[in-house]
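Following: one structure in structure tokens, then a few remarks.
In the numbering used here, the protein residues as written are 6 to 404.
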């Protein structure tokens with residue numbers, strides 16, 4: 006708890022204020038989660054398929070990450086703390102349970118095959134290296150299924166030859182594990198396909214491509230959306246999933262916007278749905294500049310993430326809505342919310358949890374029954390999630 010208070014208090018304010026809140030290095034980013042919790046989930050889909058093969062992919066609660074490859078931006082690069090939204094590699098994110106990856110790319114300066122990771126103007130590592138990490142994970146865990154969302158980063162250029170190389174590289178890497186257009190026509194209908202069917206057909210990847218990458222020409226052939234869909238089996242991301250950009254720095258607005266979007270689109274079966282719990286840092290005027298000088302506001306994504314990951318914020322928000330039709334759920338800094346990731350994964354498993362008795366023992370040796378109170382936090386009948394035992398069970402600090 007002392008570590009948590011330190012990271013969630015003056016330390017973050019000081020780090021935010023350094024060099025006008027922006028010109029700072031990634032070594033100041035928080036990388037210690039507020040809870041000590043198991044974060045190893047490399048084969049949760051494999052295990053789920055073994056016990057419930059008829060579960061539909063569209064009905065699963067699936068953790069994911071935003072700007073997934075931004076950890077490749079070097080920590081010692083100026084502005085790195087503003088550009089990095091993940092502490093750990095894509096491989097490590099998959100190990101922790103993420104199955105949706107948002108990969109932002111742009112053209113490099115070293116030729117047609119030079120595709121790099123970008124977040125804004127900040128350049129990260131090579132896309133090929135990130136893809137190698139992803140395919141390594143799948144080779145080690147062949148029963149897992151991953152959504153790849155490939156985005157041409159805003160403001161970045163990519164030549165026609167580089168776009169062609171990008172598609173060829175992804176198709177080669179995914180191999181037979183890629184869900185193709187023919188699969189979608191025959192057995193892989195988005196709203197109906199089961200995890201058992203995906204495993205039976207040996208499928209590991211569903212690739213969505215952002216609109217800005219379409220429409221290039223290579224060897225005289227215009228690579229339109231339809232051409233790419235037929236040749237590569239990559240789908241237009243906006244048709245593959247509902248993925249609203251909430252574009253806000255306000256906590257309540259982010260939570261309510263996600264809730265409204267889920268109610269409107271969460272139950273639609275023709276596409277997947279991504280609930281994106283991600284802030285958009287920015288400067289709204291002179292007042293914001295003054296706040297940033299002293300660190301009470303920040304451009305650092307981690308400063309916003311730490312607000313979400315306090316015990317009574319996103320944990321409580323998702324727990325209270327666990328019965329709703331969550332599908333993909335994406336975060337910044339997945340390493341800072343391990344319990345939340347495990348909770349989402351746990352919601353998918355069909356085994357029912359029957360609570361016989363729960364009690365609290367006090368320092369004086371007396372005990373009190375709290376069975377009914379604990380039962381309130383068993384969600385979907387199978388997953389107990391106590392985010393703050395003292396608060397959840399109405400215990401005083403002395404108790």
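Glycine is no exception: its CB is placed at the ideal position from the N, C-alpha and C atoms.
Cross-strand partners of residue i (DSSP beta bridge)
{"i": "residue 110", "result": "122, 157"}
{"i": "residue 105", "result": "69, 152"}
{"i": "residue 84", "result": "BP columns for residue 84 are empty, so no partner."}
{"i": "residue 334", "result": "68, 280"}
{"i": "residue 246", "result": "277"}
{"i": "residue 365", "result": "373"}
{"i": "residue 388", "result": "384"}
{"i": "residue 241", "result": "214"}
{"i": "residue 131", "result": "121"}
{"i": "residue 315", "result": "None; residue 315 has no bridge partner."}
Neighbour-count burial assignment, residue i, 16 or more Cβ in a 10 Å radius
{"i": "residue 359", "result": "exposed"}
{"i": "residue 87", "result": "buried"}
{"i": "residue 167", "result": "buried"}
{"i": "residue 159", "result": "exposed"}
{"i": "residue 282", "result": "buried"}
{"i": "residue 126", "result": "exposed"}
{"i": "residue 74", "result": "buried"}
{"i": "residue 370", "result": "exposed"}
{"i": "residue 269", "result": "exposed"}
{"i": "residue 3", "result": "Lying outside 6 to 404, the shown extent of the chain, residue 3 is not represented and no answer is given."}
{"i": "residue 24", "result": "Note on residue 24: pLDDT 48, under 50, position unreliable in the model; no value is reported."}
The ligand NAD heavy atom lying under 7 Å from the CB of residue i
{"i": "residue 335", "result": "No copy of the ligand NAD occurs in the structure displayed, which carries no ligand at all."}
Cβ-Cβ separation, residue j to residue i (assumed contact under 8 Å), whole Å
{"i": "residue 213", "j": "residue 154", "result": "5 Å"}
{"i": "residue 280", "j": "residue 263", "result": "5 Å"}
{"i": "residue 93", "j": "residue 340", "result": "5 Å"}
{"i": "residue 61", "j": "residue 285", "result": "Contact doesn't hold; Cβ gap of about 32 Å is too wide."}
{"i": "residue 161", "j": "residue 123", "result": "5 Å"}
{"i": "residue 91", "j": "residue 98", "result": "7 Å"}
{"i": "residue 120", "j": "residue 112", "result": "7 Å"}
Within-8 Å CB hit, residue i to chain C
{"i": "residue 231", "result": "Chain labels in this structure do not include chain C; a single protein chain is all it has."}
Original post:
On the three-pair Cβ rule with 8 Å, is the stretch 345 to 352 touching the stretch 321 to 332?
Top reply: Touching, yes, given that three or more Cβ pairs across the two stretches are closer than 8 Å.
**OP:** Identify every run of the alpha helix (DSSP H) within the stretch 157 to 229, keeping only runs that are complete inside it and at least 4 residues long; order them along the chain.
**Re:** Counting whole runs of 4 or more residues, the stretch 157 to 229 contains the alpha helix (DSSP H) stretches 165 to 179, 186 to 191, 200 to 205.
Original post:
Looking at C-beta atoms only, is the number of pairs between the stretch 228 to 241 and the stretch 174 to 194 that lie closer than 8 Å three or more?
Top reply: yes
Original post:
Any chance the stretch 102 to 112 sits against the stretch 65 to 75, with 3 or more Cβ pairs inside 8 Å?
Top reply: yes
Original post:
Are the stretch 385 to 393 and the stretch 353 to 373 in contact at 8 Å, needing three or more beta carbon pairs?
Top reply: Yes, the stretch 385 to 393 touches the stretch 353 to 373.
Original post:
Are the stretch 270 to 280 and the stretch 303 to 311 touching, with three or more C-beta to C-beta distances below 8 Å?
Top reply: Too few Cβ pairs lie closer than 8 Å, so no.
Original post:
Is it true that the stretch 313 to 326 meets the stretch 43 to 62, where meeting means three or more beta-carbon pairs spaced less than 8 Å apart?
Top reply: The stretch 313 to 326 vs the stretch 43 to 62: no contact.
Original post:
Do the stretch 194 to 213 and the stretch 242 to 250 touch if we need at least three Cβ pairs shorter than 8 Å?
Top reply: yes
Original post:
With a cut-off of 8 Å, do at least 3 Cβ pairs link the stretch 131 to 146 to the stretch 193 to 205?
Top reply: No, the stretch 131 to 146 does not touch the stretch 193 to 205.
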